[in-house]
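2 protein chains.
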Amino acid sequence: MTEVKYDVAGIGNALVDVISNADDTFLIANGIEKGGMTLIDDRRADELYGKMGAAVEMSGGSCANTIAGLASLGGKGAFFGKVKKDQLGEVFIHDIKSLGVHFPAAPATSGAPTGRCLIIVTPDAQRSMSTYLGAAQKLTADDIDEDTIRASAVTYMEGYLWDEPGAKQAFLKAAKIAREAGRLVSLTLSDSFCVGRFRDEFRRLAKDEVDLLFANEAEILSLYETDVFDEALQQIRKDCRFAALTRSEQGSVIVANGEVHVVDAEKVSKVVDTTGAGDLFAAGFLYGLTRGKDPVTCGRLGALAAAEVISHYGPRPQVSLAELAKAKGLA
Amino acid sequence: MTEVKYDVAGIGNALVDVISNADDTFLIANGIEKGGMTLIDDRRADELYGKMGAAVEMSGGSCANTIAGLASLGGKGAFFGKVKKDQLGEVFIHDIKSLGVHFPAAPATSGAPTGRCLIIVTPDAQRSMSTYLGAAQKLTADDIDEDTIRASAVTYMEGYLWDEPGAKQAFLKAAKIAREAGRLVSLTLSDSFCVGRFRDEFRRLAKDEVDLLFANEAEILSLYETDVFDEALQQIRKDCRFAALTRSEQGSVIVANGEVHVVDAEKVSKVVDTTGAGDLFAAGFLYGLTRGKDPVTCGRLGALAAAEVISHYGPRPQVSLAELAKAKGLA
């Protein structure tokens with residue numbers, strides 16, 4: 276059996292976030308779904324960017340944020356995602372490599388530019404995302420390096436990949452390699468609209484291919500088409516060995532080998548920007564799991580990482596999560 | 276006489292800031308002058324960026340930050356600076372135009388990419404800057420639109436322009452047009468190393484061409500080659516009609532028509548990143564001056580704008596300075 280070299284191999288859309296403040300009237304005037312993620316084309320991206328105020332650019336992408344968080348905790352990660360060989364692509368690669376993350380996919384040298392996510396943060400700290408995938412769409416099964424997947428304790432993928440046929444094939448290939456190598460396969464449902472688009476396929480994945488599922492309350496309710504959280508919880512207990520269901524300030528519910536654990540949220544003095552909350556919860560949980568921590572400690576690590584990222588702008592940690600975890604006695 | 280359309284026309288290096296945290300050992304290991312601004316070439320920029328940790332990108336440039344701050348206060352600004360037609364150039368233009376600033380210089384379509392300033396912020400909130408000018412160097416006198424300068428109450432320029440012959444000519448052309456139109460000419464000394472490079476020329480400018488000079492303590496001492504602040508103060512009183520001398524947490528000293536006023540610094544609960552402090556002081560002061568405020572109110576507006584920008588990462592305001600000024604009874 277291959278030696279474990281990486282705690283987690285992530286597969287996701289490689290995106291640069293473009294973050295700006297605006298109020299709810301801006302969302303309404305521009306037809307942006309509050310709290311959601313909408314895919315947009317290049318023309319809409321140009322139009323919307325033209326209307327946005329002065330912005331800050333930083334590396335993002337749901338799964339990439341998770342891998343960055345894992346690295347900040349001291350974990351070893353790999354990330355598969357596609358950028359173009361342009362300035363924003365250079366920014367993305369610089370940022371992820373500077374964290375010690377293995378980044379094997381070669382950038383595209385032609386075609387659409389590096390993808391970006393236009394994020395409006397409203398005064399209530401909620402983020403609303405409009406994503407132009409650009410080069411991120413070009414990820415295919417050929418980009419998945421078998422040795423890296425085999426050498427990773429967990430292969431973790433974002434549901435957003437399902438929007439693109441090539442990325443979906445990359446996902447399925449990686450899941451197959453991971454399973455055959457006796458590794459864990461993990462999926463985050465990404466957002467409730469995404470679940471709405473691919474419910475049947477995600478249910479099959481949860482049942483047949485996924486060992487560890489991440490979802491927030493809206494996503495898990497949508498997956499099982501119920502309004503009752505406990506019903507969804509009983510379903511996921513049957514379908515997956517592990518699940519981490521996040522409920523914002525009400526904490527999380529962890530399923531591990533049929534047992535259910537409730538974990539409190541970490542207190543935050545001021546929530547500034549919720550971008551990356553779910554991504555960083557997954558980072559903390561995956562770090563705990565791959566280090567052999569018990570389910571409650573995994574949930575607490577997730578809560579700690581999520582609390583850090585929502586206390587400032589941007590989707591990635593600004594301080595060492597390893598030190599935060601040590602201070603809390605969780606490392 | 277031309278009608279005033281702009282409060283301030285600024286001329287400066289158009290740069291995107293790349294901001295990352297590190298400690299003093301990183302500065303020493305990489306030969307970075309703490310607290311200063313060093314010009315670097317493309318190879319050094321690539322090398323240093325490769326060593327820097329994950330970063331955040333946002334529009335910067337000393338004078339451009341000032342014009343952005345003026346706009347945030349409700350002032351009307353124009354900015355002359357050169358970017359390339361590339362992704363970072365697009366970011367720069369988007370951000371400045373989104374504030375309602377007039378940006379007449381056409382981007383370069385060939386040659387070096389948009390310039391960037393690699394900023395290391397140490398735990399003491401001090402910033403150390405390594406600047407790759409790139410396309411910013413291509414600003415020439417031809418880029419200066421006479422009508423805009425004539426229609427601006429103040430033409431404000433950064434000392435950094437003196438590093439490039441073309442930009443220097445742009446400066447001199449604009450100063451001449453402004454003077455002939457009966458407008459004010461203003462200069463910031465930028466940094467003490469910059470003053471060291473061009474002391475004789477800056478002294479001549481202060482004496483003959485500049486009506487309003489901005490400098491911090493180190494810069495004004497270097498300009499007049501003295502260790503005694505009061506000696507430098509007496510010199511600048513003779514040379515310029517207006518001067519604003521900033522002394523960090525000790526506030527500022529304002530010279531106006533021979534009179535000297537001392538203004539306290541604005542209190543800041545936590546200084547996060549001093550990038551842009553001087554630029555935003557100038558923004559507040561220029562806004563006050565062009566709105567006919569008395570010298571002490573101008574200084575207080577400067578202190579208020581500087582306090583906002585050092586309380587977070589990045590060189591531009593994150594909240595409406597107009598609202599802050601209103602709350603303080605300064606607008």
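Chains as they are written, first to last, in the working numbering: chain A, 276 to 606; chain B, 276 to 606.
All residues carry an ideal CB built from backbone N, CA and C; glycine is no exception.
The structure displayed is predicted, hence computed values, not measured ones.
DSSP places Y431/B in the strand class (E or B) of the three-state scheme.
Among the residues of the segment 515–533 of chain A, none has a Cβ less than 9 Å away from any Cβ of chain B. Within 10 angstroms of the beta-carbon of E322/B lie fewer than 16 other beta-carbons, which makes it exposed.
Cβ-Cβ separation between Y407/B and G390/B: approximately 6 Å, consistent with a contact (criterion under 8 Å). At least 8 Å separates the beta-carbon of A531/A from that of F560/A. In the three-state reduction of the DSSP assignment, K351/B falls in the coil class, being assigned neither a helical nor a strand state. Between M404/B and chain A, the shortest Cβ-Cβ separation is not below 8 Å. The residues E439, in chain order, have a CB closer than 6 Å to that of Q412/A in the same chain once the five nearest residues on each side in sequence are set aside.
Note that the segment 490–504 of chain B touches the segment 463–482 of chain B; at least 3 beta-carbon pairs, one per stretch, sit closer than 8 Å. Just so you know, the alpha carbons of V537/B and F556/B end up roughly 14 Å apart. Close to S337/A, with beta-carbon spacing below 9 Å, lies no residue of chain B; the smallest spacing is near 17 Å.
Sixteen is the threshold: when 16 or more other Cβ atoms of the shown chains lie within 10 Å of the Cβ of I395/B, as they do, the residue is buried. In the assembly as shown, Q510/A is a buried residue. Its beta-carbon has 16 or more other beta-carbons within 10 Å. If only complete runs of 3 or more residues are kept, the segment 458–501 of chain A shows the beta strand (DSSP E) at 459–463 and 487–491, in order along the chain. Within the same chain, A518, V530, G533 and V535 come within 8 Å of R512/A by CB-CB distance, once the 5 residues on both sides are set aside. Put simply, of G344/B, D292/B, G328/B and N305/B the residue whose alpha carbon is nearest the alpha carbon of V594/B is G344/B. For H369/A, a Cβ of chain B is located within less than 8 Å of the residue's own Cβ. If you check each beta-carbon in the segment 320–335 of chain A against every beta-carbon of chain B, the ones closer than 9 Å belong to Y324, G325, K326, M327, G328, A329, A330, V331, E332, M333 and S334.
Of all residues in the segment 345–377 of chain B, those with a C-beta nearer than 7 Å to a C-beta of chain A are D361, Q362, L363, V366, H369, D370, S373 and L374, reading in chain order. Inter-residue distance for N296/A and A346/B is about 16 Å (C-alpha atoms, whole angstroms).
At a cut-off of 8 Å between C-beta atoms, G589/A counts as an interface residue with respect to chain B. In this structure, the beta-carbon distance from I371/A to S334/A falls below 8 Å.
Non-local C-beta neighbours of V528/B in its own chain, meaning closer than 6 Å and more than five positions away in sequence, comprise L520 and V537, ordered along the chain.
Around the CB of E598/A, fewer than 16 other CB atoms lie within 10 Å, so the residue is classed as exposed. The beta carbon of Q401/B sits closer than 8 Å to the beta carbons of K309, G310 and T549 from its chain, once the five residues preceding and following it are set aside; these are given in chain order. The three-state secondary structure of C392/A, taken from DSSP, is strand.
Secondary-structure assignment with DSSP links I286/B through a beta bridge to F355/B and M432/B.
The residue from K351/A, D422/A and G336/A with its alpha-carbon nearest to that of T463/A is G336/A.
Non-local beta-carbon contacts of G441/B in its own chain, meaning distances under 8 Å to residues more than five positions away in sequence, involve Q412, K413, L414, T415 and A416 in chain order.
Two segments are said to touch when three or more pairs of C-beta atoms, one from each, lie closer than 8 Å; by this definition the segment 290–307 of chain B does not touch the segment 573–583 of chain A. Annotation: I294/A to G589/A spans about 7 Å, alpha carbon to alpha carbon. For D292/A, the pairing in a beta bridge is given by DSSP as M333/A and C392/A.
Membership of A531/B in the beta strand (DSSP E) is indicated by the continuous run S527 to A531. Between L508/B and the set S465/B, E524/B and F489/B, the nearest pair of CA atoms involves F489/B.
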